[in-house]
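Just so you know, the protein sequences line up as chains A and B, in that order. The opening residue of the first sequence carries number 3 in the working numbering; numbering runs sequentially from there. The opening residue of the second sequence carries number 92 in the working numbering; numbering runs sequentially from there. Idealized CB from N, CA, C, for every residue including glycine. As the structure is a prediction and not an experimental result, all values here were calculated from the model. Encoded as structure tokens, the structure appears first; notes follow it.
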Amino acid sequence: QVQLVQSGAEVKKPGSSVKVSCKASGGTFGSYTINWVRQAPGQGLEWMGRFIPVLEMANYAQKFRGRVTITADKSTSTAYMELSSLRSEDTAVYYCARAGVGYMDVWGKGTTVTVSS
Amino acid sequence: DIQMTQSPSSLSASVGDRVTITCRASQGISNSLAWHQQKPGKAPNLLLYAASSLESGVPSRFSGSGSGTDYTLTISSLQPEDFATYYCQQYYSTPWTFGQGTKVEIK
Chain A
3 QVQLVQSGAE
13 VKKPGSSVKV
23 SCKASGGTFG
33 SYTINWVRQA
43 PGQGLEWMGR
53 FIPVLEMANY
63 AQKFRGRVTI
73 TADKSTSTAY
83 MELSSLRSED
93 TAVYYCARAG
103 VGYMDVWGKG
113 TTVTVSS
Chain B
92 DIQMTQSPSS
102 LSASVGDRVT
112 ITCRASQGIS
122 NSLAWHQQKP
132 GKAPNLLLYA
142 ASSLESGVPS
152 RFSGSGSGTD
162 YTLTISSLQP
172 EDFATYYCQQ
182 YYSTPWTFGQ
192 GTKVEIK
């Protein structure tokens, strides 16, 4: 059974960037997409974008376009999400999640990103 | 973007109760709907997909129904481990969107 192992917590200054990794353990991405979903403290779930390995391309939610870059390295079965121009509102738990048709069936445990001066 | 609206936003129930949560999409989504359960401090966990298909390993007390724009998650007999927040998610068209969540609390 594939597990998604995410990198550790980050503390960043406003205006900087953060890059979070997500490694598929016990398998590969295969034909699944890797999605990134974030959750601000006490808030709901928000989809940021996804990487489609078979097309080697990403697509993003309009809200994050221009600030987020999602990539993947098939050789290591690792996906990355980089968010730039960080502001305090970006403080959240960032999850990666595998999806086939579109529903997310395997989730990483989450990476806490704190943006603070 | 497709807006997903859940109701209620929270509810209190007792062990053994039947619980129903509804999710309405701003346009038809052709059963492209999933339900996720999230416990405090944990990642979400997939319960159902395609509106009514139970994910492997999920107890049969969870069921889903609906069509078009209106969908329902039912827990037939609430268990202590079911106290959590539940989210619907549409995957009919990107951006995938979630409902705001329904928190199920102990009465």
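Remark: C-beta atoms of residue 67(A) and residue 85(A) do not approach each other more closely than 8 Å. Taking one beta carbon from each stretch, the region 145 to 161 of chain B and the region 21 to 35 of chain A have fewer than 3 pairs nearer than 8 Å; the two do not touch. Secondary structure of residue 107(A) (DSSP, three-state): strand. Per DSSP, residue 146(B) is not a residue of any beta strand (DSSP E), being assigned neither H nor E. With respect to the 8 Å criterion, residue 101(B) and residue 193(B) are classified as neighbours on the basis of their beta carbons. Under DSSP, residue 37(A) forms a beta bridge with 52(A) and 99(A).
Annotated as proximal: residue 134(B) and residue 112(A), with beta-carbon spacing under 8 Å. In this structure, the beta-carbon distance from residue 42(A) to residue 52(A) does not fall below 8 Å. Residue 100(A) sits buried, since 16 or more C-beta atoms from the chains shown fall within 10 Å of its C-beta. In summary, the residues of the region 17 to 41 of chain A whose CB is separated from some CB of chain B by less than 9 Å are 37, 39 and 41, in the order they occur in the chain. A Cβ-Cβ distance of about 16 Å is found for the pair residue 9(A) and residue 88(A), leaving them out of contact under the 8 Å criterion. According to the DSSP assignment, residue 136(B) belongs to the beta strand (DSSP E) that extends over 136 to 140.
Judged by beta-carbon spacing, residue 31(A) lies within the 8 Å limit of residue 79(A), meaning their Cβ atoms are closer than that value.
When the beta-carbon positions are compared, residue 175(B) and residue 195(B) come within less than 8 Å of each other. Contact check for residue 110(B) against residue 104(B) passes: the beta carbons are separated by less than 8 Å. Close partners of residue 111(A) in chain B (Cβ separation under 7 Å): 134. Residue pairing from DSSP places residue 124(B) in a beta bridge opposite 181(B). The beta carbon of residue 60(A) does not come within 8 Å of any beta carbon belonging to chain B, so the residue lies off that interface.
Under the 8 Å criterion on CB atoms, residue 104(A) is classed as interfacial with respect to chain B.
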